[in-house]
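One structure is given below, encoded as structure tokens.
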Amino acid sequence: MIGSTKKASEEAIRDKRHQSYIDHSIQDLLTQRVLQMACGYQDANDSNHLRKDPMFKLAVGRSPLNAETHLASAPTFSRLGKGVSRRDIHNLAYAFAEHFLSSYKKPPKLAVIDLDHTASLTHGAQQYSLFNTKYGNTCYLPLMIFEGLSGKLITAIMRPGKTPSGRENAAIVKRLLTLIRQSWPKTHLIIRGDSHFAQPEPMRVVEQDKATDYILGKGAGHPTALRPMADESMADARRCLQTRTAYARSNKLKEPYRARVYGEAQYQAKSWKGLDTRVIYKAEVNQMGDNPRFVVTSIRNASAKCIPMKVLLEPVTESFAALPVLKPG
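Using the working numbering, you'd call the opening residue of the sequence shown number 1 and step up by one each time.
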């Protein structure tokens, strides 16, 4: 994070202040703010008393006991926030991605691009702060993008508090793939996301890159749509869980929590016309009840069970090792 902050401060955010009157560089301001938030101090007003804290001063690279080296106060951060432009935010997103790419000595054979929105609650009348029904509050809905195998942050994209359209998701995915391909032309990429990414626009963008696949959540929708296709497997999972539970009880063993059966559903949404899609499901029954899940993927030459699915089961590296067919070209 500190490396990303340094790159952002030097290349992304344009410092418009008169250099003769400043005490805190952009790099120091971002480092201080990030460290304070990481320690649970999200409000910039906390800087008024934390600016004198010896440990924060030491972390920023200043003398911890010198009264002349205090850190920035809340008004300074207020001016910083108001001074950042849309271009600065755009450049900052690119700076994070470039920092991620430079963290690898050589291009990996496989990378997993995890897409997920997270609610950032707002208070007041901030621009683009909108009410989101899912979260029941006014918020921003930034897009966080991580690499699924290493857990590294790729980039973060600031956006309004509304659910993204397929056109918006497609534009983001296209720009991200273009940037990654400049450094990793042969790396096989897997795009993963929840059901609000299962839109024809981003799926078409991914299918245009022959070395990229997608695994996207698919809501079960209407009870007569996808759910009946997994009914037989759900019944098998129930019987399996019942048998395993009875065996565990009779032998005084720990009872199993769940049983899973994987399968494929013959399903094609009207908006997916022309796409080479495949819908697979996890028929899970646990001690709390039924838990069927569905995903749509472009991966053809792999069984449903070995495909690592963000919304179906915990992503595990071993699952990727079971996919020898995933090669560029």
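Cβ coordinates follow ideal geometry from the N, Cα and C atoms, glycine included.
Keep in mind the model is a prediction, meaning the values are calculated, not measured.
Within 8 Å, strictly: CB atoms of residue 263 and residue 237: no
Candidates 176, 184, 199: closest to residue 163 by CA position: 199
For residue 257, which of helix, strand or coil comes out of DSSP? coil
From residue 302 to residue 38, what distance separates their C-alpha atoms? 40 Å
Let me know the beta strand (DSSP E) ranges lying completely inside the stretch 268-300, each 3 residues or longer, listed in chain order. 278-286, 293-297
Grouping DSSP H, G and I as helix and E and B as strand, with all else coil, what is residue 25? coil
Short check: CB of residue 195 to CB of residue 107, under 8 Å? no
Below 7 Å CB to CB, which residues in the same chain sit around residue 146 once its five sequence neighbours on both sides are set aside? 114, 152, 153, 154
Tell me the DSSP secondary structure of residue 326 in three-state form. The pLDDT assigned to residue 326 is 39, lower than 50, so where the model puts this residue is not dependable; a value taken from the coordinates is nonetheless given after this. Coil at residue 326, not helix or strand.
At which residues does the alpha helix (DSSP H) containing residue 248 begin and terminate? 231-250
Just tell me which of 130, 12, 46, 277 has its CA closest to the CA of residue 87. 12
Helix, strand or coil for residue 94 per DSSP? helix
Sort 46, 71, 278, 49 by Cα distance to residue 58 and report the nearest one. 71
Closer than 6 Å by C-beta to residue 118: which residues in its own chain qualify, once you throw out the five before and the five after it? Chain order, please. 144
8 Å contact criterion, which residue 142 and residue 167 should meet: CB distance rounded: With 8 Å as the limit, residue 142 and residue 167 do not qualify as a contact, their Cβ atoms being about 18 Å apart.
Let me know the beta strand (DSSP E) ranges lying completely inside the stretch 76-138, each 3 residues or longer, listed in chain order. 110-117, 130-132
4 or more residues per run - each alpha helix (DSSP H) lying fully within the stretch 145-216: 166-183, 200-207
Grouping DSSP H, G and I as helix and E and B as strand, with all else coil, what is residue 226? coil
So, helix, strand or coil for residue 35, using DSSP? helix
Which residues in the same chain have their Cβ closer than 8 Å to the Cβ of residue 156, if we skip the five residues on either side of it in sequence? 93, 96, 142, 143, 144, 145
Out of 209, 172, 204, which has the shortest C-alpha to C-alpha gap to residue 186? 209
Starting from the C-beta of residue 179, find all residues in its chain whose C-beta is less than 6 Å away, skip the five residues before and the five after it, and write them out in chain order. 97
Taking the continuous alpha helix (DSSP H) assigned at residue 49, which residues delimit it? 47-50
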